[in-house]
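Accompanying notes for the structure given below.
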Amino acid sequence: MFDSMIRQARGVVTAGLSREELTGVVEGAGRAIAALTSLQARCATEIEGLDDNGVNSKTMLREAGRMSSRGANSIAKTAAGLTKMPKLAESLATGAITAEHAAVAVAAAAKTSSESADSELLRLAESSSVDVFAEQTRRWVNRNQADDGVGAYQKQRQRRSFKDWVNDEGMGVLLAELDPVAYQEVRKAVNAEYDRLWRDDGGRDGSPDDVRTPAQRRADAFTALLTNSTGHKSGKPRMQLTAIVDIERLSGDKPTGVAEIVGGEALPQTVLERMMCLSTVTGVIFDGKGQPLWAGRDRRFPSDAQIKAIIARDRRCTGCAADAQRCEMHHIVPWEKGGLTDVDNMCLVCPSCHHNIHDRGYRVVKTGKAGMKAGMRFKVIDPGNPPNGP
Numbered sequence: 005m006f007d008s009m010i011r012q013a014r015g016v017v018t019a020g021l022s023r024e025e026l027t028g029v030v031e032g033a034g035r036a037i038a039a040l041t042s043l044q045a046r047c048a049t050e051i052e053g054l055d056d057n058g059v060n061s062k063t064m065l066r067e068a069g070r071m072s073s074r075g076a077n078s079i080a081k082t083a084a085g086l087t088k089m090p091k092l093a094e095s096l097a098t099g100a101i102t103a104e105h106a107a108v109a110v111a112a113a114a115k116t117s118s119e120s121a122d123s124e125l126l127r128l129a130e131s132s133s134v135d136v137f138a139e140q141t142r143r144w145v146n147r148n149q150a151d152d153g154v155g156a157y158q159k160q161r162q163r164r165s166f167k168d169w170v171n172d173e174g175m176g177v178l179l180a181e182l183d184p185v186a187y188q189e190v191r192k193a194v195n196a197e198y199d200r201l202w203r204d205d206g207g208r209d210g211s212p213d214d215v216r217t218p219a220q221r222r223a224d225a226f227t228a229l230l231t232n233s234t235g236h237k238s239g240k241p242r243m244q245l246t247a248i249v250d251i252e253r254l255s256g257d258k259p260t261g262v263a264e265i266v267g268g269e270a271l272p273q274t275v276l277e278r279m280m281c282l283s284t285v286t287g288v289i290f291d292g293k294g295q296p297l298w299a300g301r302d303r304r305f306p307s308d309a310q311i312k313a314i315i316a317r318d319r320r321c322t323g324c325a326a327d328a329q330r331c332e333m334h335h336i337v338p339w340e341k342g343g344l345t346d347v348d349n350m351c352l353v354c355p356s357c358h359h360n361i362h363d364r365g366y367r368v369v370k371t372g373k374a375g376m377k378a379g380m381r382f383k384v385i386d387p388g389n390p391p392n393g394p
C-alpha cells in the first residue's frame with residue numbers, strides 16, 4: 005500500500021502547473037500527510053498498549069519512523085492526548101486538520117480538560133491556520149483554566165534554568181529557560197538595545213546590515229546589557245512589559261476575567277498584583293464596536309497610547325500571527341492617500357506581511373469582530389487565494 009502511495013506521489017507532475025493548480029497539490033499533500041500522521045499516532049497508541057516487553061512508542065517512532073527524538077516525542081504525546089479527544093482525532097485522520105493543530109489542542113487539553121477542548125476547539129482548528137489557531141487557543145486556555153493559571157506558572161518558575169558551555173568550535177553558548185514574564189522582560193530589554201545599536205549602525209537611512217547582521221546585533225545587545233556596557237545611566241526606567249487585563253480583574257475580592265501578557269501566557273492574580281506595584285496602568289477601552297483612539301491627520305506616526313491600543317486589540321501580526329514585537333504599524337487606507345492615523349485605520353503586521361500588502365497586492369479586511377474578547381479585528385489576505393476560515 006505505502007509503496008503504491010509513494011509511486012503515485014512521485015508521479016505527480018508539478019512543472020508547468022499554474023499557481024492555483026500548485027496550491028491544490030500542496031493542499032492535497034497536506035491532507036495526506038495529516039492522515040498518515042494520524043496512522044502513526046494510532047500505531048503509537050497500540051504500541052503503548054502491548055505487553056510484550058518491547059520498546060515504547062517513542063523509540064519505535066524514532067527508529068522505524070526515522071524521526072528525530074523531538075518529532076517522535078511530539079507524535080507520541082499527541083497520540084496519547086487524542087485518545088481522549090475523538091472528534092479531533094477523526095479530523096486529523098481525514099486530513100481536515102494537521103498534526104500541528106492536534107498538538108496545540110492536546111497541549112490545551114492538558115491545561116483544561118480533554119472533553120471541553122474536543123468540543124470547543126474543533127471548529128477553530130478546521131477553519132484556521134496553525135499560527136492563528138495557536139493564538140486563539142492560548143486565549144481560550146487562559147479563560148478556561150480552573151486555577152487562574154497558577155499551577156502552570158508555578159511549574160514554569162520551577163523549570164527556570166541557565167546553562168553555559170563552549171562548543172566544538174570554541175563558541176560560548178548560553179541557554180536560558182525562563183517563565184513567560186521573565187522572558188518577556190528580558191526580550192523587551194534586548195529589543196530596545198538592539199534598536200539603539202541598529203540606529204548607531206545607520207538605521208533606516210543607512211545600511212545597518214552591512215555593519216553587522218541582525219543575529220550579530222542581537223548578540224551584541226545581549227552582551228552589552230549583561231556587562232552593563234550600554235553607556236546608559238543607572239536608574240533608567242524599567243523596560244515596558246505589556247499586559248492585557250480585563251477590568252474585572254482589577255476590582256473585587258474575587259476577581260474574574262483574564263489577564264495575560266502579550267505573547268499569550270496567562271497571568272495569575274498574584275503575579276498581576278506584584279507587577280502592578282511596579283507598573284503604570286493605562287486604560288484602553290473597547291466598546292461593542294471596538295471604539296478607537298483618534299489622531300486624524302495631525303501626524304503620520306501613532307502615539308504611544310495608540311500603539312498600546314493596537315497591540316491590545318491585535319496581539320499579533322494580523323496576517324501570519326507573528327509575535328507583536330516583530331510587527332510594524334500599517335495604515336489600512338494609506339497616509340499618502342488620505343488615510344487617518346486612527347486606531348481603526350491601523351493594524352499590526354510583520355515586515356513580511358507588510359511587504360506583501362505594499363508590493364504583492366495583499367489586502368487588509370475586517371473580520372466582523374471587534375474588541376479583545378472577540379478576537380482579531382482585521383486580517384491580511386491574498387485576494388487571489390482567500391482563506392477558508394478566519
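Quick note: the sequence shown uses our numbering, first residue 5, plus one each step. Quick reminder that beta carbons are idealized off the backbone N, C-alpha and C, glycines included.
Excluding the five sequence neighbours on either side, which residues of its own chain have a C-beta within less than 8 Å of the C-beta of F382, listed in chain order?
-> D318, T322, I336, C351, V368, V369, K370 and T371
Those residues which DSSP pairs with S165 across a bridge = E181
DSSP state of L21 mapped onto helix, strand, coil = coil
Taking only the alpha-carbon atoms, compute the straight-line gap between D348 and I311 and give it to the nearest angstrom.
-> 12 Å
Using the Cα positions of K62 and R46, report the straight-line distance between them to the nearest angstrom.
-> 13 Å
How about T102 and V134: are their beta carbons less than 8 Å apart?
-> yes
Are there 16 or more other CB atoms within 10 angstroms of the CB of M9, so buried, or fewer, so exposed?
-> exposed
Nonlocal neighbours in the same chain, by C-beta distance under 7 Å from R304, ignoring five residues either side | W339 and T345
E124: first and last residue of the uninterrupted alpha helix (DSSP H) it sits in | S118 to E124
Would you mind reading off the limits of the beta strand (DSSP E) that contains L352?
-> M350 to V353
Spatial neighbours of S118 in its chain, beta-carbon cut-off 8 Å, leaving aside the 5 residues before and after = G85, K88 and M89
Just mark I37 as buried or exposed, buried being the case when its beta carbon has 16 or more other beta carbons within 10 Å.
-> exposed
Between I385 and L126, what straight-line distance do the alpha-carbon atoms span, to the nearest angstrom?
-> 23 Å
The alpha helix (DSSP H) enclosing E104, as first and last residue numbers = A103 to K115
According to DSSP, is D327 helix, strand or coil?
-> strand
Rounded to whole angstroms, what's the CA-CA distance from E252 to L271? Just pull it up for me.
-> 14 Å
In its own chain, which residues sit with a C-beta less than 6 Å from the C-beta of F136, not counting the 5 before and 5 after it?
-> Residue identity differs from the one stated: residue 136 is Val in this sequence, not Phe. Around V136: A325.
Hey, out of C357, D308 and A80, whose CA is closest to D327's CA?
-> C357
Rounded to whole angstroms, what's the CA-CA distance from K81 to D151? Just pull it up for me.
-> 23 Å
Beta-carbon proximity of A113 to A121, cut-off 8 Å | yes
Unbroken alpha helix (DSSP H) run spanning A84, endpoints | S73 to L86
Check whether V262 and R147 have beta carbons under 8 Å apart | yes
Report back the beta-carbon spacing between K115 and Q140 to the nearest angstrom; my notes put them in contact at under 8 Å.
-> About 15 Å separates the two Cβ atoms, so there is no contact after all.
Where DSSP assigns a beta bridge to R367, which residues make up the other side?
-> I385
Buried versus exposed call for A19 [16 or more other C-beta atoms within 10 Å across all chains shown] | exposed
Identify whether V30 lies in helix, strand or coil by the three-state DSSP scheme.
-> helix
Beta-carbon proximity list for Q329, same chain, < 7 Å, skipping 5 on both sides | R191 and N195
DSSP bridge partner residues for A263 (one or two, in chain order) = V249
Going by Cα to Cα distance, which pick from S78, Q44 and G34 is closest to G99?
-> G34
Let me know if D220 comes out buried or exposed under the rule of 16 or more other beta-carbons within 10 Å of its beta-carbon.
-> Per the sequence shown, the amino acid found at residue 220 is Gln instead of Asp. Exposed.
E332: first and last residue of the uninterrupted alpha helix (DSSP H) it sits in = E332 -> not in any alpha helix (DSSP H); beta strand (DSSP E) instead, spanning E332 to H335.
Should H362 be labelled buried (16 or more other beta-carbon atoms within 10 Å of its own) or exposed?
-> exposed
Expressed to the nearest angstrom, what Euclidean distance is found between the alpha-carbon atoms of S165 and F6?
-> 44 Å
Cβ neighbours of G176 in the same chain (closer than 6 Å, five flanking residues each side left out) = V170
Length of the line joining the Cα atoms of R161 and L178 | 19 Å
Beta-carbon proximity of T459 to L96, cut-off 8 Å | Because the chain is modelled from 5 through 394, residue 459 falls outside the range shown and cannot be assessed.
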